[in-house]
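Worksheet: the structure to be examined is printed underneath.
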Amino acid sequence: MYGLHGRIDATEGHGEELAGHLVAGTQELGDHGCLLYVVSRREDAPDAVYVYEVWTDADAHQASLELSSVQDAIAGARPLIAGMSERVEFTPVAGLGLPAAGSPPP
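Next up, the structure:
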């Protein structure tokens, strides 16, 4: 498995709108190796948007960036992005809702 966690900073006052764009392109991700995709916000930092993703592998994540729905979501989000202040790649070990270690992906 492959995981990615990032913080995307919206332009002032646009955190909710940015989060909406990031969610909009997710409908078909499950058909392309995405096991978990979560968009979150914080009350104390309303322009910070966090994205937490788990994929079958890094290649599935990379390929997803070519999907038209994802490209459209990125195009809509881009003008609202002030910067990316955090990006962490990781290897998920196990967790509720994820395949057991060593088992084939769903």
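Residue numbers for the sequence shown follow UniProt numbering, beginning at 1 and rising by one. Where is the CB? At the ideal position from N, CA and C, for every residue including glycine. Keep in mind the model is a prediction, meaning the values are calculated, not measured.
Rounded Cβ spacing between residue i and residue j (contact assumed at less than 8 angstroms)
i           : j   : result
T56         : L35 : 7 angstroms
D31         : S85 : With 8 angstroms as the limit, D31 and S85 do not qualify as a contact, their Cβ atoms being about 31 angstroms apart.
G15         : A48 : 7 angstroms
residue 108 : V54 : This structure cannot speak to residue 108, because the chain is shown only from 1 to 106.
G33         : A60 : 3 angstroms
Beta strand (DSSP E) segment containing residue i, residue limits
i   : result
D9  : 2-10
V39 : 34-42
C-beta contact flag for residue i and residue j at 7 angstroms
i   : j   : result
Y52 : V70 : no
F90 : G3  : yes
L80 : E17 : yes
Residue i in three-state terms, based on DSSP
i   : result
V51 : strand
G25 : coil
The ligand GTP heavy atom lying under 6 angstroms from the CB of residue i
i   : result
R87 : Absent from the structure shown: the ligand GTP. Ligands present: none.
N-terminal and C-terminal residue of the alpha helix (DSSP H) that residue i is part of
i    : result
G76  : 68-77
A100 : Element bounds for A100: n/a, residue is neither H nor E.
A82  : A82 -> not in any alpha helix (DSSP H); beta strand (DSSP E) instead, spanning 81-90.
A94  : First-last for A94: undefined, no H or E at that position.
D57  : Segment: none, D57 is in no alpha helix (DSSP H) and carries neither H nor E.
May I ask you to verify whether the stretch 14-22 touches the stretch 57-71, counting CB pairs closer than 8 angstroms and requiring at least 3?
-> no
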